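Asks:
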Amino acid sequence: MKPKPFVSKQKKDVVKQISDFAKEYPILGLVDMENLPARQLQRMRDSLKGKVVIFMTKGRLMRVAFTKLGQDVPGASDLKEKIRGMPALIFTKENPFKLYKMLQKSKSPAPAKAGSIAPKDVIVPAGKTPFAPGPVIGELGQLGIKTAIEDGKIAIKEDKLLVPAGEAINAKQAEILTRLGIEPMEVGLNIISVLEAGTLFDRKVLDIDEEAYVNNLKSMHSEAFNLAIKVGYLSKDTIKTLLSKAYREGTALADSQDIITDENIKRLVQKANAQASSLHNKTTT
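Counting in our numbering, the sequence shown runs from 5 upward without gaps.
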């Protein structure tokens, strides 16, 4: 009989701690801490204290914990395939979208290194640089950056998309960006996936443009309201507008057909007087 592999008490304690946290907190997140300096991590811990628990351990122990959690926490076992980079776990009671926003706000800019993946479009803006005319003009030109000389300094003539989002930054691009003082990277906890009540939310789902989202809601509300008014759909939101519309249309109909009402009697009398005066003038001429 093959003996069972020895598992240290420390490893068992780590797996148990992950399990205990997952049962205490309704939200379990998997993040990547690749290239995150220790000082920055400590600042993030301090800023998120009381809201988020950050737990670091080896990916292998995470997989063991996720397998065991699959029995009590729906969806936990699916996280095993998403572990990458330098993984860490976060536990919180905040909803996944608020968590993502908090972690994004806690990030800070950092210079690019060769091989770094651009988190968003890296653009070199137009304007003056601190460089005097020299070999750097050729270096910028090699990257497709158009330049000119202004007041004895090199100036970039127009904005240049240097690296599209998701592409790797090469050594020359990283060097130029650093010399220009452009820090395109973001240092912080990068969310890979967040688990809530059996549902996994990936980064792309959580990354919502709030302004665009609110504008879309406003636009949809306006379109729905206009449609409701057009078809005469009664609701607490449309009743006042529909009553005003009905009043205006009823009044216009009564006026055009000379139907006497309390509201238009004065106007009809004035109209009749005007017509009578016009007729009298015609018969006396």
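Cβ coordinates follow ideal geometry from the N, Cα and C atoms, glycine included. Please read these numbers as outputs of a predicted model, since none were measured by experiment.
1) Between the beta-carbon of alanine 122 and the beta-carbon of glutamate 171, is there less than 9 Å?
2) Please classify proline 177: is it buried, with 16 or more other beta-carbons within 10 angstroms of its beta-carbon, or exposed?
3) Is the distance from the Cβ of alanine 114 to the Cβ of valine 35 below 9 Å?
4) If you drop the 5 nearest sequence neighbours on each side, which residues of the same chain put their C-beta closer than 6 Å to that of arginine 67?
5) Could you check how far apart the C-beta atoms of threonine 245 and isoleucine 233 are, in whole angstroms? I think they sit under 8 Å.
6) Between proline 168 and leucine 247, what straight-line distance do the alpha-carbon atoms span, to the nearest angstrom?
7) On the DSSP letters alone, give me the boundaries of the beta strand (DSSP E) that lysine 164 sits inside.
8) So, does the stretch 209–226 touch the stretch 62–77, judging by three or more C-beta pairs under 8 Å?
9) Just to confirm my understanding: we take arginine 290, look at its own chain, exclude 5 residues before and 5 after, and list those with CB closer than 6 Å. What are they?
10) Name the one or two DSSP bridge partners that leucine 32 has.
11) Pick out whichever of Met90, Gly79, Ile160, Gly145 has its Cα sitting closest to the Cα of proline 41.
12) According to DSSP, is phenylalanine 59 part of a helix, a strand, or is it coil?
13) Can you give me the start and stop residues for the beta strand (DSSP E) that serine 112 sits inside?
14) Determine the direct distance from the alpha carbon of alanine 250 to that of glutamate 227, and round the result to whole angstroms.
15) So what does DSSP say about glutamate 187, is it helix, strand or coil?
16) Going straight from the alpha carbon of threonine 61 to that of glycine 202, what length do you get?
17) Measuring straight from C-alpha to C-alpha, what distance separates lysine 102 and isoleucine 243?
18) Closer than 8 Å by C-beta to glycine 156: which residues in its own chain qualify, once you throw out the five before and the five after it? Chain order, please.
19) Assuming proline 100 contacts phenylalanine 205 (C-beta within less than 8 Å), just tell me the rounded distance between them.
20) I'd like to confirm the pairing. Which residues does DSSP put opposite aspartate 206 in its beta bridges?
Replies: Let me spell this out:
1) Along the sequence shown, read from residue 1 onward, the residue named residue 122 stands at position 118. Along the sequence shown, read from residue 1 onward, the residue named residue 171 stands at position 167. Yes, Cβ-Cβ distance for alanine 122 and glutamate 171 is below 9 Å.
2) Taking the sequence shown and counting its residues from 1, the one referred to as residue 177 is at position 173. For clarity, residue 177 is glutamine in the given sequence; the question names proline instead. Label assigned to glutamine 177: buried.
3) The residue you call residue 114 lines up with position 110 of the sequence shown. The residue you call residue 35 lines up with position 31 of the sequence shown. For alanine 114 and valine 35, no; Cβs fall outside 9 Å.
4) For the purposes of this step, residue 67 is taken as residue 63 along the sequence shown, with counting starting at 1. Around arginine 67, the same chain offers Lys84 as residues with beta carbons nearer than 6 Å, after the five sequence neighbours per side are excluded.
5) Translated into positions along the sequence shown, residue 245 becomes position 241. Translated into positions along the sequence shown, residue 233 becomes position 229. The pair is a contact, with the Cβ atoms about 6 Å apart (cut-off 8 Å).
6) Along the sequence shown, one-based indexing puts residue 168 at 164. Along the sequence shown, one-based indexing puts residue 247 at 243. Leucine 247 has its alpha-carbon roughly 54 Å from the corresponding atom of proline 168.
7) Here residue 164 is taken as the residue at index 160 of the sequence shown, counted from 1. Residues 164–167.
8) No, the stretch 209–226 is not in contact with the stretch 62–77.
9) Any property of residue 290 remains undetermined from this structure, which presents the chain solely from 5 to 289.
10) In the sequence shown, counting from the first residue as 1, residue 32 sits at position 28. DSSP output for leucine 32 lists Phe95, Leu199 as bridge partner(s).
11) As a working note, residue 41 is residue 37 in the sequence shown. Residue Met90 holds the alpha-carbon nearest to the alpha-carbon of proline 41 among Met90, Gly79, Ile160, Gly145.
12) Position 55 of the sequence shown, counting from 1, holds the residue named residue 59. DSSP places phenylalanine 59 in strand when its eight states are reduced to three.
13) If you number the sequence shown from 1, residue 112 lands on position 108. Where serine 112 is concerned, the enclosing beta strand (DSSP E) stretches over 112–114.
14) Taking the sequence shown and counting its residues from 1, one reaches residue 227 at position 223. Taking the sequence shown and counting its residues from 1, one reaches residue 250 at position 246. Looking at the two C-alpha atoms, the distance is approximately 20 Å.
15) Within the sequence shown, the letter at position 183 stands for residue 187. Glutamate 187 falls in the coil class under three-state DSSP.
16) For the purposes of this step, residue 61 is taken as the residue at position 57 of the sequence shown. For the purposes of this step, residue 202 is taken as the residue at position 198 of the sequence shown. Threonine 61 and glycine 202: Cα-Cα distance of roughly 23 Å.
17) Here residue 102 refers to the residue found at position 98 when the sequence shown is read from its first residue. Here residue 243 refers to the residue found at position 239 when the sequence shown is read from its first residue. Taking the straight line joining both Cα atoms gives about 36 Å.
18) Counted from its first residue, the sequence shown places residue 156 at position 152. Excluding sequence neighbours, glycine 156 sits near Ala136, Pro137.
19) In the sequence shown, residue 100 corresponds to position 96, counting from 1. In the sequence shown, residue 205 corresponds to position 201, counting from 1. Going by Cβ atoms, the distance from proline 100 to phenylalanine 205 rounds to 5 Å, so yes, they are a contact pair.
20) On the sequence shown, position 202 is the one that residue 206 refers to. Aspartate 206 is bridged by DSSP to Ser197.
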